[in-house]
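Residue numbers (the working numbering): 1 to 119. First comes the structure, then the notes that go with it.
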Amino acid sequence: MDYAFERDWQALVKLMMDRFGEEPDVTSMVFAVGLQEAGQGARRYKKDEKMDLMHVGVCTLLEPLGYYVREGVDEDGWPHFSLGEPMPALRSEEQETMMKRALLDYFAAWIGREGSENA
């Protein structure tokens, strides 16, 4: 077991709970990244917009790993990405761990982590 990873993950979950009032799951954290990166702010979103925000979140989180490349933003301020390196075939629990590590790296300043010790 990677105790530093678990400690950092629990610290991030607690910070998100304190900020948003409920315990987040990985999906809601990815959505929060998409919201932040798209700069769209808090409002009601249609289903397709939510899917777009999730896509932005996933691409943003996996960009440092080389799986996506940020191409720029469109006239509405939405970031656009292209595929980078092919992603490895991972089991669902490995995918979740990869996303948790990417979320920790994204929110490193929030939890007092410097750099990417888990990369």
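No residue lacks a Cβ here, since even glycine has one placed at the ideal position from N, Cα and C. All values derive from a computational prediction rather than experimental measurement.
Setting aside the 5 residues that flank it on each side, Ser82 is surrounded in the same chain by Tyr68, Val69 and Glu71, each with a C-beta closer than 8 angstroms to its C-beta; the list follows chain order. Taking C-beta atoms under 8 angstroms as the contact rule, Gly57 and Phe20 fail to qualify, at a distance of about 15 angstroms. In this structure the stretch 2-21 lies against the stretch 96-110, because at least three pairs of beta carbons, one per stretch, are closer than 8 angstroms. Our two residues, Lys50 and Tyr3, have alpha carbons roughly 33 angstroms apart in a direct line. DSSP places Tyr45 outside both helix and strand once states are collapsed to three, so it counts as coil. In the DSSP annotation of this structure, the continuous segment of the beta strand (DSSP E) that includes Phe81 starts and ends at Pro79 to Leu83. Among the bridge pairs identified by DSSP, Val69 is matched with Ser82. Taking Arg43 as the centre and dropping the five residues before and after it, the same chain places no C-beta closer than 7 angstroms to its C-beta.
Note on Ala89: under 16 other CB atoms within 10 angstroms of its CB, so exposed under the neighbour-count rule. When the alpha-carbon of Leu65 is set against those of Thr97, His80 and Met87, the nearest one is in Met87.
Here DSSP, grouped into helix, strand and coil, assigns Leu90 to coil.
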